[in-house]
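S.K.: In my numbering, the protein residues as written are 1 to 150.
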Ligand SMILES: [Zn+2]
């Protein structure tokens, strides 16, 4: 017998190494699912409306979700003809009166996040009208836009 205990030990060491690699597979699996979710979402025509700038009617979003309670508020990830006003960082619950007047019922942007979350003002890239905000998770919230059928 040429030390069977040692060779058994080696096998079990290898197995332990295999287990430690497995989490990487789980991660890539999650990535695939996220990608599929986006593809499915884009192909599934789940957009509630096409949004346009209220001042110059430039299209700013082709794919958005209408807020469940605040029907003039829309949430989106993919936007067009938008720019962020980097100089104007707002606190989550300190939206300027100019922005707030269109949503006096809600008083705040509904993101489901902490109150002190920082958001950036989003402007129409064509005429620089303030049309919404983007939060720290790059989710756009539009509330000064004109919706039309997708
Ligand atoms: Zn505009």
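Backbone N, C-alpha and C define an ideal beta-carbon position, used for all residues, glycine too.
Tell me which residues share the same chain as residue 57 and place their Cβ nearer than 8 Å to its Cβ, disregarding the 5 neighbours each side in the sequence.
M.R.: Closer than 8 Å at the Cβ level, and outside the excluded window around residue 57, lie 146.
S.K.: Please report how far the alpha carbon of residue 61 lies from the alpha carbon of residue 122, in whole angstroms.
M.R.: About 12 Å.
S.K.: What number of angstroms, rounded off, separates the C-alpha of residue 143 from the C-alpha of residue 117?
M.R.: Their Cα atoms are separated by approximately 18 Å.
S.K.: Around the Cβ of residue 63, are there at least 16 other Cβ atoms within 10 angstroms (buried) or fewer (exposed)?
M.R.: So residue 63 counts as buried.
S.K.: Rounded to whole angstroms, what is the Cα-Cα separation between residue 59 and residue 67?
M.R.: C-alpha separation (whole angstroms): 19 Å.
S.K.: Just to check, is the beta-carbon of residue 57 closer than 8 Å to a non-hydrogen atom of ligand 1?
M.R.: It does: the Cβ of residue 57 is within 8 Å (strictly closer) of some heavy atom of ligand 1.
S.K.: Sorry if obvious, but does the Cβ on residue 128 come closer than 8 Å to a heavy atom of ligand 1?
M.R.: Yes, the Cβ of residue 128 comes within 8 Å of a heavy atom of ligand 1.
S.K.: Whole angstroms is fine: what's the gap from residue 86's alpha carbon to residue 133's?
M.R.: If you take the alpha carbons of residue 86 and residue 133, they lie about 11 Å apart.
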